[in-house]
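Quick note on the numbering used here: the sequence shown kicks off at 266 and runs consecutively. The beta-carbon is built from N, C-alpha and C at its ideal position, and this holds for glycine as well.
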Amino acid sequence: MPRLLFIKRLISFATVLLLLMTSCNNNGRKDFSLTIKHYAGAAGLTLIYDIDENGLKIKTNCDLENCKQKTVYKRTFTKNESDSIYWFFNSLQIDTLKPSYETKSVWDGLFTKLTFKKGLFSSHSSTFDNFNTTTTDTLFKFVDNLVLAKKYRFYNWGQND
């Protein structure tokens with residue numbers, strides 16, 4: 266009987282601890298992150314856009330032997346920007362995208378992986394192999410608008426301002 270009481274108390278303690286952890290929400294800010302990895306197979310280049318409540322980072326990597334992942338762009342968000350971005354991501358319902366989209370062609374093109382996280386327990390990933398959707402087009406254009414330097418925008422990659 267004492268063992269059962271101990272287990273019940275342990276479960277209660279764990280539940281209270283979990284509730285406390287999830288209620289601590291970074292000074293009222295929404296916890297979220299979105300990672301977009303675009304891999305251009307023919308060019309061997311990977312573009313990684315990491316967005317969270319604090320800001321945006323763009324990293325590059327490639328298939329060449331001495332190539333290393335490096336951050337090429339950073340931007341910090343204000344609280345209002347962060348809140349606005351969070352609500353926009355939610356409005357797209359990224360978590361309703363299918364896990365995988367692909368075309369029937371076999372040519373080497375663009376492979377994209379999206380990973381969207383909200384809070385501690387909500388996470389969704391989708392992959393796109395030479396495929397795009399209305400949601401991803403809208404998302405990529407929105408992310409491009411968050412990038413102040415034109416040459417680091419997905420649709421203008423490498424072009425000067």
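In this chain, the beta strand (DSSP E) harbouring Y314 covers 310 to 317. Rounded to the nearest angstrom, the gap between the Cα atoms of N319 and F342 is 6 Å.
Taking the Cα of D348 as reference, the smallest distance to any Cα among K416, Y366, S298 is reached at S298. Looking only at T400, N421, T398, the smallest Cα-Cα distance to D409 is reached by N421.
Here S365 is exposed: its Cβ has fewer than 16 other Cβ atoms, across all protein chains shown, within 10 Å. Fewer than three pairs of CB atoms, one per stretch, sit closer than 8 Å, so the stretch 324 to 341 makes no contact with the stretch 380 to 389.
In the DSSP assignment, the residues bridged to E367 are D394. The beta carbon of L321 lies closer than 6 Å to those of R340, L411 in the same chain, with the five residues before and after it left out. The straight-line gap separating the alpha-carbon atoms of F353 and I276 is approximately 37 Å. Residue state for R268 is assigned as helix, using DSSP reduced to three classes. Distance check between T400 and each of R418, K415, L379 places L379 closest, using alpha-carbon atoms only. By the CB criterion at 8 Å, L357 and S391 fall outside the cutoff.
For Y304, the enclosing beta strand (DSSP E) stretches over residues 297 to 305. When DSSP states are grouped into helix, strand and coil, T343 belongs to the coil group. When the five nearest sequence neighbours on each side are left out, the beta carbons in the same chain lying within less than 6 Å of the beta carbon of L310 are those of C327, in order along the chain.
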